[in-house]
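A.B. asks: Take this structure first; my questions come after.
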Amino acid sequence: MKFSTTAAKTAAGAAGIAAVSVFAATTAMAEPAIQPFGTPEQLHDGALSTSYTVSNLGPANVVIPGYQPDGKLYQADVTARADRGTVTPLVTAFNARAANSDTYRVINTVPTPGGINPGPIAQGASADGKIYFDVTGPPPDGVVYNDGVQDVMIWTNKA
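FYI, the numbering for the sequence shown is -30 to -1, 1 to 129, going by mature numbering (1 follows the signal peptide of the UniProt record, and there is no 0).
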């Protein structure tokens, strides 16, 4: 089968349009809100609204049954409040971040001591608990909420 010049031009044009579309979508994304620890931040998802507050990031002196850390455990306190609608806290969206941008995922493969319940929260109610991170490099100085594409909310002691 012969690859024609027209097919090559069409493919190149489609790739160019796709690249421009991705660039336009990326530049349209809003900057994340950066707040000091202890400040509530709102996350809106259609008709639902959740306020998250993260505080007290620091080393943890706990054992998490069924989890063997590769580094040093860190913990932070988190409160999720259902401001509008029944919401489900997305614990997996949290990461700890060091000043050099090293990022440590939340430990969510096993139940954690005092961990925040990932179950639904009725409007007006809240859930409190801890989130844990396995820190294998420089110590974190912030916690970020990432929607899978970008950081949406950031709490830090540098704000």
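Using N, Cα and C, we set each Cβ at its ideal position, and we do this for glycine too.
Predicted model, so just to flag it, every value in this text is computed and none were measured.
Compute the beta-carbon to beta-carbon distance between TYR115 and ALA30, rounded to the nearest angstrom, for a pair I have assumed lies under 8 Å.
C.D. replies: Not confirmed; about 20 Å, so no contact.
A.B. asks: Could you tell me whether the Cβ atoms of THR106 and ASP40 are closer together than 9 Å?
C.D. replies: Yes, the Cβ-Cβ distance between THR106 and ASP40 is below 9 Å.
A.B. asks: Excluding the five sequence neighbours on either side, which residues of its own chain have a C-beta within less than 7 Å of the C-beta of ALA(-7), listed in chain order?
C.D. replies: Its pLDDT being 35, under 50, ALA(-7) is placed unreliably in this model, and the coordinates cannot settle the point.
A.B. asks: Considering only the beta carbon of each residue, do ALA66 and GLY112 sit closer than 9 Å?
C.D. replies: Contact flag set, yes.
A.B. asks: Considering only heavy atoms of the ligand PLP, does any lie closer than 8 Å to the CB of GLN93?
C.D. replies: Only the bare structure without any ligand can be found here, which leaves the ligand PLP out of the picture.
A.B. asks: Find out if the Cβ-Cβ distance for the pair GLY8, ALA63 is shorter than 9 Å.
C.D. replies: Cβ atoms of GLY8 and ALA63: not closer than 9 Å.
A.B. asks: Where do the N-terminal and C-terminal ends of the beta strand (DSSP E) with residue 130 fall, by residue?
C.D. replies: There is no way to answer for residue 130, as the model of the chain reaches only from -30 to 129.
A.B. asks: With DSSP collapsed to three states, give me the class of ALA69.
C.D. replies: The answer is coil: DSSP assigns ALA69 none of H, G, I, E or B.
A.B. asks: Helix, strand or coil for TYR63, going by three-state DSSP, please let me know.
C.D. replies: Looking at the sequence itself, residue 63 is Ala, so the reference to Tyr does not match. Three-state result, ALA63: helix.
A.B. asks: Bridge partners of ALA92, per DSSP?
C.D. replies: Its beta-bridge partners do not exist; DSSP assigns none.
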